[in-house]
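Below is one structure; the comments refer to it alone.
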Amino acid sequence: MEILLQYRFLFGSIYFAIGALYSLLALYLERIGFSGTQIGLIMSSGSLMLIFSQPFWGIVCDKTRKTVLVLKVSLIAAGVLALSLPFVRGYLLFLILYAAVHFFQGANAPISDTLGITAANRLGLTFGDFRQYGAIGFAIAVFTVSNISEVVGLWIIFPFYFLAYLVAAILFRQEEPEITDMHVPLIPGLKQLIVLPRYRLILAATFFIFGPVVANNNYYGLLFEFTGGTIAGIGLAFLLFSGSEAPFMKLSGKMIARLGLINTMMMATSISAVRWFWYSTGPEPKWMLIFFVIQGLSVGLYIVSGAQFVSENALPHLKTTAMTLYASAGIGMGGIFCQFAGGILLDFHNILAVYFFFGVSTVIGFLILCYLRYYAGRVSLDVKKPPFL
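Residue numbers for the sequence shown follow the numbering used here, so the first one is 251 and each next one is one higher.
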């Protein structure tokens with residue numbers, strides 16, 4: 251029970267920090283005078299840094315075998331750097347410091363996910379039993395911080411980010427686990443993974459599907475305000491949206507058992523596509539709030555089923571390396587693409603065009619999953635490369 255509580259608190263705190271910062275960051279940057287393109291570049295610079303920092307921290311864990319210590323140091327360093335951001339008004343310096351925050355933040359998700367999966371297996375639970383508390387923490391953060399920021403100002407997002415990370419680093423006290431697959435050399439591991447056809451396809455699909463999800467965390471505040479909503483309303487929206495992910499993460503195991511991994515991912519993706527196209531029509535804020543459950547059905551299910559698909563289709567000794575590359579290349583690169591493209595569209599069109607683009611991207615990802623479903627059903631996990639891939 252103590253271990254379970256430790257991991258619930260860890261995931262809740264980490265994603266509380268992320269929710270506090272990213273849901274209102276685009277609004278903050280707009281208020282201090284940055285253009286849409288500058289906002290897109292700043293946010294995509296963070297995702298770009300994650301692509302490089304996540305493998306780096308994997309190597310550090312491999313060399314030191316001090317996974318929990320690395321996690322704690324990275325949490326504190328990211329939080330301290332974030333405290334400097336509200337004092338910066340220059341675009342270039344803000345971009346550099348923001349990227350530096352993400353250098354240390356890059357250690358958090360892969361390490362916490364790996365620790366969580368290992369602990370869940372040891373306790374006879376599923377990863378969704380732990381990860382759902384990340385969604386709860388995210389939801390509580392956005393609701394709390396958005397309401398406070400209406401009174402004291404949007405700069406408050408940075409101290410909340412720092413405090414959540416600091417508390418997580420201090421209170422998480424698990425012993426160093428013995429995780430053998432974390433110590434596989436990175437480059438040889440990548441070479442073995444990348445020749446797996448199904449693994450390449452899930453990276454491509456996640457690039458187009460999860461990129462809009464990552465970018466939505468930054469751009470939704472602008473959409474909500476554009477359609478007539480308030481900053482406090484943004485907090486309520488994220489409370490409902492992210493809160494809806496938790497029960498679906500909890501139920502994901504049963505849904506995957508009933509529908510299968512690929513079918514569950516396809517269902518979640520199709521719901522995401524409909525959501526983005528609907529948002530591009532500029533619906534009233536009340537209707538977006540009423541249909542809040544669509545985020546749980548789409549994002550919540552895809553997070554768990556995607557991670558499980560990667561774990562099941564990676565070579566047994568490369569599961570952690572597979573998760574790191576999945577987060578960096580699939581989610582990270584997709585986030586960069588959609589954040590940067592969204593910033594350009596924001597300058598030349600408006601926020602509705604950004605969400606139409608998200609819908610098109612998700613449809614492309616859905617088509618890749620359709621191919622993956624047909625292909626995965628006929629081909630084994632042989633590393634031999636087919637002539638058409």
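For every residue, glycine included, the Cβ atom is placed at its ideal position computed from N, Cα and C.
Since the model is a prediction, treat every value here as computed from it, not as a measurement.
Burial state of residue i (16 or more Cβ within 10 Å)
i           : result
residue 389 : buried
residue 419 : buried
residue 537 : exposed
residue 329 : buried
residue 339 : exposed
residue 430 : The predicted position of residue 430 is uncertain, since its pLDDT is 48 and thus under 50; a value taken from the coordinates is nonetheless stated next. By the neighbour-count rule (16 or more Cβ atoms within 10 Å), residue 430 is not buried but exposed.
residue 314 : exposed
residue 458 : buried
Cβ-based neighbour list, residue i, same chain, cut-off 8 angstroms, excluding 5 preceding and 5 following
i           : result
residue 221 : With the chain represented from 251 up to 639, any question about residue 221 goes unanswered, as that position is not in the structure.
residue 359 : 264, 304, 577
residue 333 : 408, 409, 412
residue 452 : 556, 559, 560, 563, 576, 580, 622
Neighbourhood of residue i by C-beta, 7 angstroms cutoff - its chain only, sequence neighbours within 5 removed
i           : result
residue 341 : 284, 288
residue 483 : 474, 535
residue 461 : 584, 585, 587, 588, 611
residue 605 : 473, 526, 529, 530
residue 724 : Here the chain comprises residues numbered 251 to 639, so residue 724 is not present and cannot be evaluated.
residue 336 : 405, 408
residue 511 : 555, 558, 559
residue 352 : 296, 299, 300, 303
residue 344 : 292, 335, 338
residue 521 : 544, 547, 548
Reduced DSSP secondary structure (H/G/I, E/B, other) of residue i
i           : result
residue 284 : coil
residue 519 : helix
residue 534 : coil
residue 599 : coil
residue 357 : coil
residue 315 : coil
residue 424 : coil
residue 294 : helix
residue 541 : coil
residue 339 : coil
residue 334 : coil
residue 374 : coil
residue 430 : Any reading at residue 430 needs caution, since the residue's pLDDT is 48, under 50, leaving its predicted position unreliable; the model's value is listed next. Helix at residue 430.
residue 624 : helix
residue 403 : coil
Cutoff 8 angstroms: residue i Cβ touching any chain C Cβ
i           : result
residue 255 : Absent here is chain C; the protein component of the structure consists of one chain.
N-terminal and C-terminal residue of the alpha helix (DSSP H) that residue i is part of
i           : result
residue 576 : Neither: residue 576 is in no alpha helix (DSSP H) and is coded neither H nor E.
residue 558 : 551-563
residue 488 : 481-509
residue 450 : 447-476
Own chain partners of residue i with C-beta closer than 6 angstroms, once the 5 adjacent residues on each side are dropped
i           : result
residue 271 : 407, 411
residue 485 : 392, 393, 396, 397
residue 532 : 477, 602
CB of residue i within 8 angstroms of CB of residue j, strictly
i           : j           : result
residue 500 : residue 382 : yes
residue 415 : residue 326 : yes
residue 464 : residue 494 : no
residue 317 : residue 386 : no
residue 498 : residue 547 : yes
residue 384 : residue 259 : no
residue 366 : residue 307 : no
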